[in-house]
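In what follows, a single structure is set out as structure tokens and then discussed.
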Amino acid sequence: MKLYPQLFIFDLDGVITDTAEQHYIAWKEMAQEIGIEIDRKFNESLKGVSRGDSLEKILNLNKDLHLSEEEKAELMKKKNDAYRKLIMSIEPEDIYPGIGELLEKLKDDDIKIALGSASKNAPFIIKQLQIEHYFDYVVDPETVENGKPAPDIFQKAADELGVAYDKCVGIEDAIAGVTAINEAGMLSIGVGDKIHLKHADYVVEDTAELKFETIINRFENISK
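Residue numbering for the sequence shown follows our numbering, beginning at 15 and increasing consecutively.
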């Protein structure tokens, strides 16, 4: 008899859909307002990172810039307002290949599904994608003390659904996200470059490769 996980926890950006470009444009515009230039390479370091921590990374590029908490809050609001305008056009066709089928299979097998994204806009995005009904729980990043690479977001999802950490599978595309899953004591699946995500228990280059039976076999082998 196969050993099945009880909960799958998905990241959003880079796993279910891609709003990285929208994030990049919004952060770049905000940074330019305060005289800081960021490029796409720097933007890679913001993937999977909370809004507040992303802002701090940008501000660290200019050590002479000292902002109050109120000014920081205003900058984050500007970035989010710009980002939300950019994501208004997201639709079901923007779901990555294989994700819809995997969500459907998990539901058919009565395996719980959670969303563990650092994005405060995650509920809006999954509604735009018309997949919100698949999720048993969506973590509010405001309710966890530490963002990725700390394990808090993934542990929060498991705790709220009453599932032991070693019975969970986490799927991420970012280095910080995979680290968070590992720190939580869950099976980590990385989507993307196998070198960058070599610390994941299992890596696929594309979401179309996220096959249910293969993941279950990996889970069973690591759980023995």
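Virtual Cβ for every residue (Gly too), placed ideally from N, Cα, C. Computed from a prediction, not measured in an experiment: that's the story for all the values here.
The stretch 201-216 makes contact with the stretch 175-184; the number of CB pairs closer than 8 Å reaches 3 or more. Note: residue 126 is bridge-paired with 21 in the DSSP secondary-structure output. Across the structure, residue 229 and residue 72 are spaced so that their CA atoms are roughly 37 Å apart.
Within a 10 Å sphere around the beta-carbon of residue 64 sit 16 or more other beta-carbons, which makes this residue buried. Looking at the DSSP output, residue 183 shares a beta bridge with 22 and 201.
By the C-beta criterion, the stretch 36-43 is judged to be in contact with the stretch 100-116, since at least 3 inter-stretch pairs fall below 8 Å.
The closest CA to that of residue 174, considering only 46, 157 and 86, is found on 157. As a beta-bridge residue in DSSP terms, residue 31 pairs with 27.
Fewer than three pairs of CB atoms, one per stretch, sit closer than 8 Å, so the stretch 161-169 makes no contact with the stretch 134-145. The stretch 109-128 makes contact with the stretch 141-151; the number of CB pairs closer than 8 Å reaches 3 or more. Cα atoms of residue 84 and residue 124: separation of roughly 45 Å, rounded to the nearest angstrom.
One alpha carbon belongs to residue 29, the other to residue 210, and they sit about 15 Å apart. Distances from the CA of residue 188 to each of 24, 111 and 17 were compared; the closest alpha carbon is that of 24.
Here residue 82 is exposed, its C-beta having fewer than 16 other C-beta atoms within 10 Å.
Shown here for residue 113: same chain residues with a beta carbon closer than 6 Å to its own, the five before and five after excluded, namely 30 and 221 in chain order. Measuring C-alpha to C-alpha distances from residue 93 to each of 233, 133, 171 and 77 identifies 133 as the nearest. In this structure, the alpha-carbon of residue 111 lies about 19 Å from that of residue 130. The DSSP assignment places 126-129 as complete runs of the beta strand (DSSP E) inside the stretch 107-158, in order along the chain (cut-off: 3 residues). Look at residue 217 here: in three-state DSSP terms it is strand. Between residue 199 and residue 179, the CB-CB gap stays under 8 Å. C-alpha of residue 108 to C-alpha of residue 32: approximately 8 Å in a straight line.
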